[in-house]
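Undergrad:
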Amino acid sequence: MSLFVDTSAWSLALRRDSPPKTPALRMLVRAIEAGETLLTTGLVLQELLQGFSGPRARAQILDRFSAVPLLVPDREDHIGAADLRNRCRRAGVQVGIVDALLAQLCIRHGLTMLSTDNDFKLIAGHCALKLWREAD
35 MSLFVDTSAW SLALRRDSPP KTPALRMLVR AIEAGETLLT TGLVLQELLQ
85 GFSGPRARAQ ILDRFSAVPL LVPDREDHIG AADLRNRCRR AGVQVGIVDA
135 LLAQLCIRHG LTMLSTDNDF KLIAGHCALK LWREAD
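With the first letter of the sequence shown counted as 1, position 6 gets the number 40 in this note's numbering; the numbers rise by one all the way through.
1. I need the straight-line Cα distance from A158 to L135, nearest angstrom please.
2. Check each candidate in S100, W44 and L37 and name the one with the smallest Cα separation from E81.
3. Nearest CA to the CA of V132: which residue from L118, L145 and R124?
4. Quick one: Cα of G97 to Cα of G114, how far?
5. Once you ignore the five residues that flank L79 on each side, which residues in its own chain have a CB closer than 8 Å to its CB?
6. Looking at the structure shown, is M35 part of a helix, part of a strand, or coil, going by DSSP?
7. Please name the residue, chosen from K55, R64, T146 and E67, that lies closest to L73 on a Cα-to-Cα basis.
8. Considering only C-alpha positions, which residue in the set Q138, R49, K55 and S36 is nearest to R90?
9. Count the other CB atoms, across all protein chains shown, that sit within 10 Å of the CB of S87; report buried if there are 16 or more and exposed otherwise.
10. Kindly provide the ranges of any beta strand (DSSP E) runs that are 3 or more residues long and lie completely inside the region 68–119, ordered along the chain.
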């Protein structure tokens, strides 16, 4: 399985204190140990760098992400994300611009999203977004 790892899951893994033993974090560790394909995008890297402070945290994030391939959205991804956001809005679900783009990248590339953000559960109810669940 190829996993797209969202900011929320990476944040748990990168915390300085003892990371919580959440199912998503256990899955991330298993995926890394098994050598599964993990992907993310520049927006996730940016969110992580903005969320952790200090040069030491920055260096650790950059080091750990040096081996993680970054998907680069193109014109079609942005159009698809806008369509997805509009579809959700018509259904009464508010979706942020970044979340819509992350969901669209997963859909387009056939990736399973690993996230602890409940907003993606709402999004998945209106599109073909595959979310990792503990039972998977």
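Note that CB positions come from ideal geometry on N, CA and C, so glycine has one too. No experiment lies behind these values; they were computed from the predicted model shown.
TA: Walking through what the data contain:
1. Here residue 158 corresponds to residue number 124 of the sequence shown, with the count starting at 1. Here residue 135 corresponds to residue number 101 of the sequence shown, with the count starting at 1. In a straight line, the C-alpha of A158 is about 13 Å away from that of L135.
2. Residue numbering aside, residue 81 sits at position 47 when the sequence shown is read from its first letter. That would be W44, whose Cα lies nearest to the Cα of E81.
3. By one-based count along the sequence shown, residue 132 stands at place 98. Answer by Cα proximity: L118.
4. As a first step, residue 97 is located in the sequence shown; it is residue number 63 there, counting from the start. As a first step, residue 114 is located in the sequence shown; it is residue number 80 there, counting from the start. Checking the displayed sequence, the identity of residue 97 turns out to be Asp instead of Gly. C-alpha separation (whole angstroms): 32 Å.
5. Locating residue 79 in the sequence shown gives position 45, counting from the first residue. Contacts found: I95, F99 and L104.
6. The sequence position of residue 35 within the sequence shown is 1, counting from 1. If DSSP states are grouped into helix, strand and coil, M35 belongs with coil.
7. As a first step, residue 73 is located in the sequence shown; it is residue number 39 there, counting from the start. Looking at the Cα atoms, T146 is the closest of the given residues.
8. Here residue 90 corresponds to residue number 56 of the sequence shown, with the count starting at 1. The candidate whose alpha carbon is nearest that of R90 is R49.
9. For the purposes of this step, residue 87 is identified with residue 53 of the sequence shown, where counting begins at 1. With fewer than 16 other Cβ atoms within 10 Å, it is exposed.
10. 72–75
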